[in-house]
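Novice: Each step along the sequence shown adds one to the number in the numbering used here, with nothing skipped, and position 39 is 379.
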Amino acid sequence: LHRMYTMAHWIALQPELADARADGVQLTDPVQALGWWALGYTPKVARCGDVLLLEVAASSRLWGGLRALVQHVLTSNKPVVLASYAQAATSFIATARLSVAPATPYSVALEVPADALPLHTLAAAQPYLDIFARLGVCTWGQLRALPRAGLSRRFGAGLLNALDQAYGVAPDIYPWLTLPEVFDVALELPSHVDSAPALLFATRRLLAQLKVWLQLRHLGVLGLELIWKM
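(1) So, Leu374 versus Leu353, is the Cβ gap smaller than 8 angstroms?
(2) Expressed to the nearest angstrom, what Euclidean distance is found between the alpha-carbon atoms of Arg488 and Gln505?
(3) Any chance you could list the alpha helix (DSSP H) runs of at least 4 consecutive residues sitting entirely within the region 427-511, in chain order?
(4) If Leu462 sits next to Ala429, beta carbons under 8 angstroms apart, how far is it from one beta carbon to the other, in whole angstroms?
(5) Taking only three categories from DSSP, how would you classify Val391?
(6) Since Pro355 and Val421 should fall inside the 8 angstroms C-beta cutoff, what is the C-beta to C-beta distance between them, to a whole number of angstroms?
(7) For the alpha helix (DSSP H) that contains Trp350, what are its first and last residues?
(8) Taking the DSSP output, what are the residues bridged to Tyr425?
(9) Can you tell me whether DSSP reads Val385 as helix, strand or coil?
(10) Classify Val448 as buried or exposed, calling it buried when 16 or more other Cβ atoms lie within 10 Å of its own Cβ.
(11) Let me know the secondary structure DSSP gives Leu527 once reduced to three states.
(12) For the alpha helix (DSSP H) containing Ala410, name the first residue and the last one.
(13) In chain order, what residues of the same chain have a beta carbon less than 6 angstroms from the beta carbon of Val522, not counting five sequence neighbours either side?
(14) Out of Leu527, Leu519, Pro370, Arg484, which one is the CA nearest neighbour of Gly508?
(15) Where does Gly549 land, buried or exposed, given buried means 16+ other C-beta within 10 angstroms?
(16) Assuming Gln502 contacts Ala456 (C-beta within less than 8 angstroms), just tell me the rounded distance between them.
(17) For Gly375, which of helix, strand or coil comes out of DSSP?
(18) By Cβ distance, which residues of its chain are closer than 8 angstroms to Leu519, with the 5 residues on each side in sequence left out?
(19) Any idea what DSSP makes of Leu550, helix, strand or coil?
(20) Using a Cβ-Cβ cutoff of less than 7 angstroms, which residues in the same chain neighbour Leu546 once the five nearest sequence positions on both sides are dropped?
(21) May I ask you to report which of helix, strand or coil DSSP gives Glu565?
(22) Report yes if the C-beta distance between Val477 and Pro458 is below 8 angstroms; otherwise report no.
(23) Can you tell me whether DSSP reads Thr518 as helix, strand or coil?
(24) Just how far apart, CA to CA, sit Ala536 and Trp568?
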């Protein structure tokens, strides 16, 4: 049970929601905007709350290797500012690293070994943290060292399945993010606008998202309509 299920590589991205403004304009859904952008690197993008998970192993050859792809993802222009990122062989490890060591995209302080990750970063174990604390189990590695049969009897198969997914013994299964059939995105203006130049200045964030949508759908546009509401 210590072999990885498949060769995979996950990147976890978390946008800065507290300051998700660009050019003074509030994006209505910065996670969605970042997710659409991420689809340009891999078709396997999943949204888990405010975190985006990208499985990039299958796309790495198109970008000159895994290292080049990761570097491109982290340094390219994005629709929002990143609060933190992490990468790992499984999505569970990448997500856990976000919570224990949030950092900027240029930090290298996120390589926490899976066995050393705090138990509270494994969602399936959170309902039982008090019990595990009394047993002296505080990390993923300590939980994994417990007898599997006993864990299954006391806590159910869900915990074991999550643990197997976390270590790559079982596959990570997600509903992948897809582009909508119709481009319909809203933008919140920070204050009253009474001139066309000011309005067009704000809409360039919408146009940037439209560009991504068109590129990923291999479409073009001959005209567009902007609607504003009071």
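Here a beta-carbon is modelled for each residue, glycine too, at the ideal position from N, C-alpha and C. This one's a predicted model, so the numbers in the text were calculated from it and none came from an experiment.
Specialist: Put simply:
(1) A contact, by the Cβ cut-off of 8 angstroms.
(2) So the two alpha carbons sit approximately 14 angstroms from each other.
(3) Restricted to the region 427-511, the alpha helix (DSSP H) segments that are unbroken, complete and at least 4 residues in length are 431-440, 469-474, 480-484, 488-495, 497-506, listed in chain order.
(4) The beta-carbon separation of Leu462 and Ala429, rounded to 16 angstroms, does not stay under the 8 angstroms limit for a contact.
(5) The answer is strand: DSSP assigns Val391 an E or B state.
(6) Indeed, because the Cβ distance is near 7 angstroms, the residues count as touching under 8 angstroms.
(7) Going by DSSP, Trp350 is part of no alpha helix (DSSP H) but of the beta strand (DSSP E) stretching over 350-355.
(8) DSSP output for Tyr425 lists Leu353 as bridge partner(s).
(9) Here Val385 carries a strand assignment [DSSP, helix/strand/coil].
(10) Summary for Val448: the model assigns pLDDT 42, below 50, so the residue's position carries little reliability, and this model does not support an answer.
(11) In the three-state scheme derived from DSSP, where H, G and I count as helix and E and B as strand, Leu527 is classed as strand.
(12) The sequence shown places Val at residue 410, not Ala. Its alpha helix (DSSP H) spans residues 406-415.
(13) If we look at Val522 and ignore the five residues flanking it on each side, it has no Cβ neighbours.
(14) Comparing Cα positions, the closest option is Arg484.
(15) Before going further, note that residue 549 is Gln rather than Gly in the sequence given. Burial check for Gln549: the Cβ neighbour count within 10 Å reaches 16 or more, so the residue is buried.
(16) The sequence given here places Ala at residue 502; Gln does not occur at that position. At roughly 18 angstroms, the Cβ-Cβ gap does not stay under 8 angstroms, so Ala502 and Ala456 are not in contact.
(17) Reduced to three states, the DSSP call for Gly375 is helix.
(18) Only Trp376, Leu379, Trp553, Leu556, Arg557 meet the Cβ criterion.
(19) Of the three classes helix, strand and coil, the one that applies to Leu550 here is helix, per DSSP.
(20) The residues are Val525, Leu527.
(21) In the structure shown, Glu565 sits in coil (DSSP, three-state: anything other than H, G, I, E or B).
(22) No, Cβ-Cβ distance for Val477 and Pro458 is not below 8 angstroms.
(23) Coil at Thr518, not helix or strand.
(24) Their backbone Cα atoms lie some 12 angstroms apart in a straight line.
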